[in-house]
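Read the structure below first, then the notes.
Numbering (the numbering used here), first residue to last: 11 to 146.
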């Protein structure tokens with residue numbers, strides 16, 4: 011579930027986006043994106059439930075993109091109601107996009123139903139190019 015739904019775009023269909031990953035480099039040729047700035051409320055989030063013992067989240071990471079509001083990615087991960095990790099990516103100055111970038115991994119979970127919330131950090135601008143999630 012993408013929160014708020016009207017602030018997320020399916021990547022290949024986003025006419026107003028300034029960051030354009032190559033679809034063939036993404037999982038099944040698709041991704042979802044949003045941009046968040048601290049003056050916009052609420053932060054953007056992806057909420058997922060799954061049953062398994064491990065979960066992995068993959069994004070496309072942007073670097074130097076002309077006219078982009080931001081290319082930083084700042085995420086917070088809440089698993090089963092507890093903050094368990096964060097992820098921060100700052101442009102390395104190149105124009106290259108990084109595909110299949112693992113931004114979160116959690117292993118050793120009980121084989122029960124879990125909830126995972128991936129959200130933008132509240133006080134930091136962030137672009138989120140969510141590609142895919144794997145759980146086992």
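Glycine residues also receive a C-beta, built at the ideal position from the N, C-alpha and C atoms.
Since the structure is predicted, the reported quantities are computational estimates derived from the model, not experimental observations.
For the beta strand (DSSP E) holding residue i, just list the boundary residues, first then last.
i           : result
residue 127 : 122–130
residue 146 : First-last for residue 146: undefined, no H or E at that position.
residue 83  : 83–89
residue 110 : 108–116
Find out if the Cβ-Cβ distance for the pair residue i, residue j is shorter than 8 Å.
i           : j           : result
residue 137 : residue 13  : no
residue 135 : residue 46  : yes
residue 101 : residue 73  : yes
residue 87  : residue 141 : no
residue 108 : residue 71  : yes
residue 21  : residue 40  : yes
In chain order, what residues of the same chain lie with their CB nearer than 8 Å to the CB of residue i, ignoring the 5 residues before and after it?
i           : result
residue 55  : 12, 13, 127, 128, 129, 130
residue 16  : none
residue 121 : 61, 62, 63
residue 82  : 98, 99, 100, 101, 134, 135, 136, 137
residue 123 : 59, 60, 61
residue 103 : 73, 74
Less than 6 Å between C-beta atoms, sequence neighbours within five positions excluded: which residues of the same chain meet that for residue i?
i          : result
residue 19 : 43
residue 50 : none
Which runs of the alpha helix (DSSP H), 4 residues or longer, sit entirely within the segment 15–95? none
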